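Worksheet: the structure to be examined is printed underneath.
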Amino acid sequence: MASNQITKVEGRGWKDLVHKICASLILGALVIGPVFLAIFVTIPPAWADDDFIDFVLGNYAVFFILPYIGCLAYFLVVTLEATRGPVEFEFAAIKIKGAGGPILFWVIAFVAVSGTVKMFWAGWPS
Numbered sequence: 068m069a070s071n072q073i074t075k076v077e078g079r080g081w082k083d084l085v086h087k088i089c090a091s092l093i094l095g096a097l098v099i100g101p102v103f104l105a106i107f108v109t110i111p112p113a114w115a116d117d118d119f120i121d122f123v124l125g126n127y128a129v130f131f132i133l134p135y136i137g138c139l140a141y142f143l144v145v146t147l148e149a150t151r152g153p154v155e156f157e158f159a160a161i162k163i164k165g166a167g168g169p170i171l172f173w174v175i176a177f178v179a180v181s182g183t184v185k186m187f188w189a190g191w192p193s
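Take any residue in the sequence shown, count from 1 to its spot, add 67: that is its number in our numbering.
The following block contains the structure:
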């Protein structure tokens, strides 16, 4: 029986592979980012003026904390999905299943943690 459909086992294998590739790329970027900032600040390129460097240093939370928050939200979604099954939402008459559940949960987690960081940021409001 020849079929072009992907079986459930093969689909899970692809899903795991995509998660591993995404996790590797994200973790690589999170490791390289602070190294790049350290080099950028200590040895600024010729095109970067002092105002731009001050802007990057004054707003480093945007450049570095938000990506880490995104990874935390991704970790929460993947962990929940791996331990409890598919993420589904039902609110009033709205039902979200399939890919929409994890996406909505990621957005909720990202906004909640970002708001918390914003509230407790030492320089806020500046």
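Beta carbons are placed, not taken as given, at the ideal position from N, Cα and C, and that holds for glycine. Predicted model only: the values in this text are computed from it and were never measured.
Among residues of its own chain, excluding the 5 on either side of residue 148, which ones have a beta-carbon nearer than 8 Å to its beta-carbon? Within the sequence shown, the letter at position 81 stands for residue 148. So the list reads 154, 169, once near-sequence residues are dropped.
Where the beta strand (DSSP E) containing residue 155 begins and where it ends: What you label residue 155 is simply residue 88 of the sequence shown in a count that begins at 1. Premise fails: residue 155 is in no beta strand (DSSP E) and is neither H nor E.
CA-CA distance, residue 135 and residue 145? Here residue 135 corresponds to residue number 68 of the sequence shown, with the count starting at 1. Here residue 145 corresponds to residue number 78 of the sequence shown, with the count starting at 1. For residue 135 and residue 145, the distance between alpha carbons rounds to 15 Å.
According to the neighbour-count rule (16 or more other Cβ atoms, all chains shown, within 10 Å of its Cβ), is residue 172 buried or exposed? Position 105 of the sequence shown, counted from the first residue, corresponds to residue 172. By the neighbour-count rule (16 or more Cβ atoms within 10 Å), residue 172 is buried.
Does DSSP put residue 162 in a helix, a strand or coil? Residue mapping note: residue 162 aligns to position 95 of the sequence shown, counting from 1. Reduced to three states, the DSSP call for residue 162 is strand.
Suppose you measure from the CA of residue 108 to the CA of residue 158; what does that come to, to the nearest Å? Within the sequence shown, residue 108 is the residue found at index 41, counting from 1. Within the sequence shown, residue 158 is the residue found at index 91, counting from 1. Roughly 47 Å between the two C-alpha positions.
Can you give the Cα-Cα distance for residue 204 and residue 143, rounded to whole angstroms? The requested residue 204 is not part of the displayed model; the chain covers only 68 to 193.
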